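All remarks here apply to the structure that follows.
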Amino acid sequence: MSITVVVVDSLEDLGADEFHALDDTVGALGSRGRLMQHTGDPRWEARYVVALDGDRLVAAVPIFLGHGDQWSDQIHFPADWGYDGPLAQEKSALVGGRLEIRGSLRCVDSPDVLRAVSEVCRSQVVGREVFLGYLDPRQQRLAEALFGPVRWTVQYEDFDYPRPVVLGPLADLRREVRQAIRHGERKIAEFGVSASVVPWSEYTGTGCDLIAAQNKRKGMTDHGALVRYRLDQWAACEEVSVFIVHATMGDEEGAVSLLVYRDEVEVYEVGLPEGDGAARRTLYTCLTFDEPRRLAREHGYRKIRAGLGAGVPKKIRGAQPTLRGCGVVLP
Numbered sequence: 060m061s062i063t064v065v066v067v068d069s070l071e072d073l074g075a076d077e078f079h080a081l082d083d084t085v086g087a088l089g090s091r092g093r094l095m096q097h098t099g100d101p102r103w104e105a106r107y108v109v110a111l112d113g114d115r116l117v118a119a120v121p122i123f124l125g126h127g128d129q130w131s132d133q134i135h136f137p138a139d140w141g142y143d144g145p146l147a148q149e150k151s152a153l154v155g156g157r158l159e160i161r162g163s164l165r166c167v168d169s170p171d172v173l174r175a176v177s178e179v180c181r182s183q184v185v186g187r188e189v190f191l192g193y194l195d196p197r198q199q200r201l202a203e204a205l206f207g208p209v210r211w212t213v214q215y216e217d218f219d220y221p222r223p224v225v226l227g228p229l230a231d232l233r234r235e236v237r238q239a240i241r242h243g244e245r246k247i248a249e250f251g252v253s254a255s256v257v258p259w260s261e262y263t264g265t266g267c268d269l270i271a272a273q274n275k276r277k278g279m280t281d282h283g284a285l286v287r288y289r290l291d292q293w294a295a296c297e298e299v300s301v302f303i304v305h306a307t308m309g310d311e312e313g314a315v316s317l318l319v320y321r322d323e324v325e326v327y328e329v330g331l332p333e334g335d336g337a338a339r340r341t342l343y344t345c346l347t348f349d350e351p352r353r354l355a356r357e358h359g360y361r362k363i364r365a366g367l368g369a370g371v372p373k374k375i376r377g378a379q380p381t382l383r384g385c386g387v388v389l390p
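Residue numbers (our numbering): 60 to 390.
What follows is the structure, encoded as structure tokens:
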């Protein structure tokens, strides 16, 4: 085995298929096209540690070096992960797994590859705190092999609906899962929820404002124009198609954005009316489960990625969690 390791600032010379083959677990959020968009983010300088064994790609580790003395990223905020030290982007590096973090730690799990790639990875982050976000257990092991011991500060559950739930007959599912899906369908009919799935390029509704309002209620800084910008970026992303589910329930309405990548549907951002109660929960279920499932069944997509949080309504419909850890490399 003859390993060649280089550091590049773009993935343009790597094919999307070979990049995907290194790690097919992260979906649209870790796709080559999305990483190439992140490369232009002025808050971070992208470095990619790329390793080849002959002509075969065996590693593509994205490392983002921060600029500026203020921490500017709402999603990747180490203080929310339990990190209590000082934060300055110019003294930090970021390596991520899934939740809109910069791609995924992609590396063949081989001693020779890890040894060669580790030396170069560590050379890129000298003098910086290295933060790792949303890595699954396999990626956590790789991260420790590449960067050294890690203090994992928090674990999140990231949910997927597997193929039997998405494409299989209800009769083949566990009784409690089958009952939950049928109960949701009855509630959607009872509350008179009407929904449609529209390509983003054709959508003219109020979904962006609904999503922004929902994000603000969760403590984020957002605006309808920013939601539209994010969806325009996704629409320009290689291999990804964007759809909006818009649902109405009497005078109430809600929306969710969906990302279709290869043979998967990703539930991206949801917007709901204020309040609580059975009607709002039914609207949420329609937007984040029933309509994505219907789209997947119509086109044969094998998986629905349901994202973090809201574990109870996802688990009762058969979603399976993957634990994703966030942490900091120990000095």
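Virtual Cβ for every residue (Gly too), placed ideally from N, Cα, C. Computed from a predicted structure; not experimentally measured.
query, result
"Is the number of C-beta pairs between the segment 204-221 and the segment 355-364 that are closer than 8 Å three or more?", "yes"
"Could you tell me the boundaries of the alpha helix (DSSP H) in which E178 lies?", "P170 to Q183"
"Using three-state DSSP, classify H126 as helix, strand or coil.", "coil"
"At 4 residues or longer, and completely inside the segment 229-271: list those alpha helix (DSSP H) runs for me, N to C.", "234-249"
"Leaving aside the five residues before and after G127 along the sequence, list all residues of the same chain whose C-beta is less than 7 Å from its C-beta, in chain order.", "R102, Q148 and E149"
"When you compare only the Cα positions, how much space is there between A202 and D143?", "21 Å"
"Can the beta-carbon of I193 be found less than 9 Å from the beta-carbon of R383?", "For the record, residue 193 in the displayed sequence is Tyr; it is not Ile. It is a contact, given that the beta carbons lie within the stated cut-off."
"Let me check one thing: in DSSP terms, what residues is A306 bridge-paired to?", "A254 and G313"
"Can you check whether the CB of G186 is closer than 9 Å to the CB of T341?", "no"
"So what's C296 in DSSP terms, helix, strand or just coil?", "coil"
"Closest to A369 by CA distance: which of I62, I122 and Y215 is it?", "Y215"
"Could you check how far apart the C-beta atoms of Q96 and Q292 are, in whole angstroms? I think they sit under 8 Å.", "6 Å"
"Run through the DSSP bridge pairs and tell me what K362 is partnered with.", "E323"
"Taking the straight line between their C-alpha atoms, what separation do you get for Q183 and V154?", "12 Å"
"Note down the Cα distance separating L111 from R165, rounded to an integer number of angstroms.", "12 Å"
"Would you call the segment 291-309 and the segment 253-261 in contact, with 3 or more CB pairs under 8 Å?", "yes"
"Can you have a look at K275 and say buried or exposed, based on whether 16 or more other CB atoms are within 10 angstroms of its CB?", "exposed"
"Within its chain, find whatever has a CB closer than 6 Å to the CB of V117; leave out the 5 residues flanking it on each side and keep chain order.", "A110, V167 and V172"
"Where does E333 fall in DSSP's three states?", "coil"
"Determine which residues share a DSSP beta bridge with R383 and list them.", "Y215"
"Roughly how many angstroms separate the alpha carbons of H305 and F348, rounded to a whole number?", "13 Å"
"Could you check which residue in V329, A75, S169 and E325 has the C-alpha nearest to that of R398?", "Only positions 60 to 390 of the chain appear in the structure, and residue 398 is not among them; the question remains open."
"Pull up the CB-CB distance for G330 and L389, whole angstroms please, since I reckon it's below 8 Å.", "Going by Cβ atoms, the distance from G330 to L389 rounds to 40 Å, so no, they are not a contact pair."
"For G155, list the residues DSSP reports as bridge partners.", "G192"
"Name the DSSP bridge partner or partners of V120?", "V108"
"When you compare the CB positions of F123 and V387, do they come within less than 9 Å of one another, or not?", "no"
"Please list the terminal residues of the continuous alpha helix (DSSP H) segment that includes V85.", "From DSSP, V85 is part of no alpha helix (DSSP H); its letter is neither H nor E."
"Which residue wins for smallest C-alpha separation from D322, given the options R241, P351 and Y343?", "P351"
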